[in-house]
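Using this note's numbering, you'd call the opening residue of the sequence shown number 4 and step up by one each time.
Idealized CB from N, CA, C, for every residue including glycine.
It should be emphasised that the depicted structure is a prediction, and the values quoted were computed from it without experimental measurement.
Notes follow once the structure below has been shown.
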Amino acid sequence: MDFLQLPERIINNSTTTPVGKDKQQDGSPAAEEKTQTPTDFNSIYSKDLLPAFSGEEVTRGFLQELVNILLGYICKSSQRSSKVLDFHHPHQLKEGLEGFSLDLSDQPETLEQILVDCRDTLKYGVKTGHPCFFNQLSSGLDVIGLAGEWLTSTANTNMFTYEVSPVFILMEEVLLRKMQSIVGWSDDEGDGIFCPGGTISNMYSILVARYHFYPEVKTKGMGALPQLALFTSEHGHYSVKKSAAVLGMGSENVVVVKCDERGKMIPAELESSIIAAKAKGLVPFYVNATAGTTVYGAFDPLIAIEDICHRHALWMHVDAAWGGGLLMSKRHRMKLQGIERAWSVTWNPHKMMAVPLQCSVILVKKRGLLQECNQLGAEYLFQRDKPYDVSYDTGDKSIQCGRHVDAFKLWLMWKAKGSEGFGSQVNKCLENAEYLYDQLQRRKDFELVFTSKPEHSNVCFWYIPPSLRNLLPGPDRNARLHQVAPQIKARMMEKGTVLIGYQPLGSKVNFFRCVFSNPATQQEDIDFLLEEIVRLGNDL
4 MDFLQLPERI
14 INNSTTTPVG
24 KDKQQDGSPA
34 AEEKTQTPTD
44 FNSIYSKDLL
54 PAFSGEEVTR
64 GFLQELVNIL
74 LGYICKSSQR
84 SSKVLDFHHP
94 HQLKEGLEGF
104 SLDLSDQPET
114 LEQILVDCRD
124 TLKYGVKTGH
134 PCFFNQLSSG
144 LDVIGLAGEW
154 LTSTANTNMF
164 TYEVSPVFIL
174 MEEVLLRKMQ
184 SIVGWSDDEG
194 DGIFCPGGTI
204 SNMYSILVAR
214 YHFYPEVKTK
224 GMGALPQLAL
234 FTSEHGHYSV
244 KKSAAVLGMG
254 SENVVVVKCD
264 ERGKMIPAEL
274 ESSIIAAKAK
284 GLVPFYVNAT
294 AGTTVYGAFD
304 PLIAIEDICH
314 RHALWMHVDA
324 AWGGGLLMSK
334 RHRMKLQGIE
344 RAWSVTWNPH
354 KMMAVPLQCS
364 VILVKKRGLL
374 QECNQLGAEY
384 LFQRDKPYDV
394 SYDTGDKSIQ
404 CGRHVDAFKL
414 WLMWKAKGSE
424 GFGSQVNKCL
434 ENAEYLYDQL
444 QRRKDFELVF
454 TSKPEHSNVC
464 FWYIPPSLRN
474 LLPGPDRNAR
484 LHQVAPQIKA
494 RMMEKGTVLI
504 GYQPLGSKVN
514 FFRCVFSNPA
524 TQQEDIDFLL
534 EEIVRLGNDL
């Protein structure tokens with residue numbers, strides 16, 4: 004299908020009848036079926052759209068043209084013959100390409116130009132729903148989720164009070180209770196809120212943990228508190244350090260705990276780090292355990308970590324932003340055994356559950372703590388004498404005022420798939436990872452970063468070009484191997500056929516990290532990925 008061309012059935016169904024003209028005057032079937040001539044938008048401007056007087060027909064025509072563009076993009080994103088991206092350097096996009104300009108004008112431009120800009124924006128972007136997009140933890144293009152996002156934007160409301168967002172507030176409550184139940188908390192405990200990404204969700208966990216132990220911080224600030232210490236693994240997400248800096252505790256007071264060769268936090272190292280911090284005069288209060296690390300996809304031993312937290316009276320948070328989706332799978336949920344003992348959990352449905360960005364949740368076991376920690380009771384929003392149950396005015400649980408509706412698309416997808424559908428989706432992603440792992444094990448031109456079977460859908464590996472295969476391990480080989488992945492990635496972006504990430508980690512030189520969260524990806528795409536890496540790197 005051409006990028007801008009739709010199936011005849013869709014085109015025929017997209018015609019409209021002008022307002023006030025339900026039938027042609029002759030009443031003949033042929034006249035009734037006659038399609039409307041497409042609107043010429045070259046002389047029409049945004050001021051002619053609703054709420055302009057008599058703007059309904061123009062608005063309908065404009066939005067139908069836009070939907071045609073989006074449908075073309077969606078269909079092309081699923082085609083393996085299409086590119087993942089049409090890469091251009093920043094200076095090229097800034098200078099303008101084929102009539103596409105980023106510059107903003109003082110005078111309005113026509114709706115025709117606006118439609119052209121929409122096409123070009125998609126053309127020069129990255130098709131994250133493409134089956135060969137392996138670059139990020141969030142990928143895929145779920146049509147039901149997309150419909151949810153469209154409806155959310157159409158409603159254009161705010162999640163701070165029930166009076167302006169009654170249905171969405173209740174949907175958020177239903178989702179939070181469902182997710183708390185899946186984590187393993189009882190019906191009489193659990194709270195939460197949807198957040199703009201996993202970093203903010205993790206920050207909430209530190210915020211409420213600090214308030215739980217030191218509620219005076221809300222009014223008196225950090226000067227009234229002892230010097231606090233936080234703990235996370237060396238493979239944990241950087242958001243813990245970032246949150247400590249933002250919240251005034253300082254990134255240097257985040258103690259990084261050693262991991263084993265598979266990327267899991269070592270419990271004995273955690274306990275010795277806690278004891279060492281106390282000996283230095285610091286006051287430990289919070290431990291971040293990770294369920295699904297960003298690079299290796301490792302799961303920390305949650306039960307052992309919580310035992311230590313219990314002994315030292317510390318808050319245990321589980322960052323399951325990446326691994327939380329495995330809770331939907333009966334086959335894989337045991338990898339998060341012990342998560343029910345956490346005091347808080349981060350879970351990003353926009354990753355393994357393939358919900359459109361953004362969709363992240365912070366779950367807190369102690370009910371009411373979010374409200375106590377963040378509530379300021381702004382009287383223009385949170386009046387106590389409203390004609391409904393004001394406990395549904397959930398906005399004061401948040402550090403934000405305005406809050407986007409992130410719940411509806413997840414709710415709609417859950418209705419469409421059911422819990423079992425999400426479980427099957429997760430299983431397929433991990434089957435893809437196992438298939439890639441098996442292929443790499445059989446080949447001499449690739450090396451696995453670690454030989455054990457992947458726990459999650461992360462598979463880490465090096466491509467070894469012919470020029471390096473006879474070199475002995477050592478500094479020279481490492482230095483040359485370190486350059487291979489970036490050079491292949493640069494060629495990959497120029498060609499645009501596939502996209503995968505790379506990084507160094509600790510003493511390990513640059514390696515590829517392939518992650519599977521896109522339900523569209525099949526084994527043939529994995530085979531193509533390996534073939535393309537060989538084609539692009541064979542001469543290095």
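Buried versus exposed, by CB contacts within 10 Å (16 or more), residue i
i, result
"LYS37", "Only weak support exists for where LYS37 lies, its pLDDT of 42 falling under 50; the coordinates are left without a value."
"THR124", "exposed"
"HIS133", "buried"
"ALA227", "exposed"
"LYS26", "Its pLDDT being 38, under 50, LYS26 is placed unreliably by the model, and the measurement read from it follows with that caveat. That one is exposed."
"GLY540", "buried"
"ARG213", "buried"
"TYR207", "buried"
"HIS459", "buried"
"SER327", "Note on identity: in this sequence residue 327 is Gly, with Ser being the wrong assignment. That one is buried."
"GLY251", "exposed"
"SER156", "exposed"
"TYR466", "buried"
"TYR299", "buried"
"THR454", "exposed"
"TYR391", "exposed"
DSSP state of residue i mapped onto helix, strand, coil
i, result
"GLN506", "strand"
"HIS320", "strand"
"LYS511", "strand"
"PHE449", "strand"
"ASP563", "As shown, the chain starts at 4 and ends at 543. That puts residue 563 outside it, with no answer to give."
"LEU231", "strand"
"PHE103", "strand"
"CYS135", "coil"
"THR38", "Note on THR38: pLDDT 48, under 50, position unreliable in the model; the coordinate value appears next. Looking at THR38 - three-state DSSP - the assignment turns out to be coil, as it is neither helix nor strand."
"VAL358", "coil"
"CYS517", "strand"
"VAL408", "coil"
"HIS238", "coil"
"ALA158", "helix"
"TYR395", "helix"
"ASN541", "coil"
"ASP43", "coil"
"GLN374", "helix"
"GLY553", "Since the displayed the chain opens at 4 and closes at 543, residue 553 lies outside it and no answer follows."
"HIS335", "coil"
"GLN340", "coil"
"SER142", "coil"
"GLN526", "helix"
"PRO111", "coil"
"PHE385", "coil"
C-beta contact flag for residue i and residue j at 7 Å
i, j, result
"LYS368", "GLU192", "yes"
"LEU413", "ASP194", "no"
"SER80", "LEU144", "yes"
"GLY266", "HIS240", "no"
"GLU272", "VAL258", "no"
"LYS354", "SER141", "yes"
"ILE147", "MET416", "yes"
"ILE72", "CYS121", "yes"
"LEU96", "GLY499", "no"
"ASN256", "ALA232", "yes"
"PHE411", "GLY64", "no"
"ALA436", "VAL452", "no"
"LEU384", "THR160", "no"
"CYS198", "ILE402", "no"
"ASN205", "THR349", "yes"
Opposing strand residues paired with residue i [DSSP bridges]
i, result
"PHE90", "BP columns for PHE90 are empty, so no partner."
"PRO559", "Lying before the first or after the last residue shown, residue 559 is absent from the chain, which here runs from 4 to 543."
"PHE302", "ALA294"
"ILE365", "ILE196 and THR349"
"MET268", "CYS262"
"TYR289", "LEU233 and TRP318"
"CYS312", "Answer is none; CYS312 lacks a bridge partner."
"VAL129", "LEU88"
"VAL257", "LEU233"
Open item on the list: Report the start-end ranges of each beta strand (DSSP E) in the region 420 to 472 that is 3 residues or longer and not cut off at the edges.
Closed with: 449 to 451 and 461 to 466
Open item on the list: Quick check for students: name the residue ranges of the alpha helix (DSSP H) that lie wholly in the region 170 to 218, counting only runs of 4 or more.
Closed with: 201 to 216
Open item on the list: Suppose only complete runs of 4+ residues qualify. What are the alpha helix (DSSP H) ranges in the region 49 to 94, listed by chain order?
Closed with: 59 to 80
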